[in-house]
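Report on one structure; see the data block that follows.
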């Protein structure tokens, strides 16, 4: 289906954005270690920047892992099921998870908007960055995850009902 391919491309783009966060994370961690242990002058901003970058990397990678069906699963019983039954089990799981993730995406978007309007800052360190950009990234990642869950739900239902096609979108 064409719409599912578009969702897959959006998910791939989110994963690429997440990958782009890895080099800066490595760089600031190396900088912090050098500053702290060689110059004896720790930074005030690396701790917060590192957890924000790690959160960004994680949330942008979650939809891609779903697309590739790389999340942890217990195959003891699942692996013994037929293709159609596995697809049905997947569809039930996706149907249960989708409203939860959609709700989280919605609430995080409201949380980001609230932070933007109020100018809320972290309050964790002396650096004290505004939080809305990080919260916006989380809302986007959760939205992409919800879209990918919907795509996988449709694929699984199609496989469960028709019995053709892969359960996975790998």
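In our numbering, the protein residues as written are 11 to 180. Quick reminder that beta carbons are idealized off the backbone N, C-alpha and C, glycines included. No experiment lies behind these values; they were computed from the predicted model shown.
For residue 53, there is no enclosing alpha helix (DSSP H), since its DSSP letter is neither H nor E.
Using a Cβ distance threshold of 8 angstroms, residue 58 and residue 143 do not count as a contacting pair. If the five residues before and after residue 123 are omitted, its C-beta is found closer than 8 angstroms to the C-beta atoms of 142, all from its own chain and listed in chain order.
Judged by their CB atoms, residue 46 and residue 169 are not nearer to each other than the 8 angstroms cut-off.
A straight line joining the alpha-carbon of residue 174 with that of residue 104 spans about 19 angstroms. Secondary structure note for residue 162: its alpha helix (DSSP H) is the uninterrupted segment 142-172. Residues of the same chain with a CB within less than 6 angstroms of the CB of residue 153, apart from the 5 flanking positions on each side, are 115 in chain order. The stretch 11-39 contains, as complete alpha helix (DSSP H) runs of 4+ residues, the segments 12-30 (chain order).
With respect to residue 43, residue 161 sits apart: the two C-beta atoms are not nearer than 8 angstroms. For residue 96, the enclosing alpha helix (DSSP H) has its first and last residue at 93-128. By the beta-carbon neighbour count (other beta carbons within 10 angstroms, threshold 16), residue 117 is exposed. In this structure, the straight-line span from the alpha carbon of residue 76 to that of residue 37 is close to 28 angstroms. With respect to the 8 angstroms criterion, residue 71 and residue 25 are classified as neighbours on the basis of their beta carbons. Look at residue 72 here: in three-state DSSP terms it is helix.
Cβ neighbours of residue 107 within its own chain (closer than 7 angstroms, five residues either side excluded): 159.
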